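In the working numbering, the protein residues as written are 6 to 120.
Here is the structure:
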């Protein structure tokens, strides 16, 4: 019955071989699925990195525009203050001129009444 034992071992070995082959094929399938997920993840990472760089660039542009706007605002504020100062000086000169005009008018009227 060595033949029967050998036949039994052969059948068991063939069964183990088939089980191993099945596990190998399952592992190969999982490897391929993982490889596909890795490639998809790498692609998403590259897209995300590109979007990040675009966002960073937009942020830098926005920051630059903000700084320019702040500078323009400060220039405008300075011009406003200068204009306000000129207005106050002009108003003072106008009032001085008005006072001189009124004094001159009074003197003219006084001189006219003496004649």
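From the three backbone atoms N, C-alpha and C, an ideal C-beta is built for every residue, glycine too.
Quick caveat, the model's predicted, so the values are computed rather than measured.
What's the gap between the Cα of residue 43 and the Cα of residue 22? 31 angstroms
By how many angstroms is the C-alpha of residue 56 removed from the C-alpha of residue 29? 40 angstroms
What three-state label does DSSP hand residue 55 in the structure shown? helix
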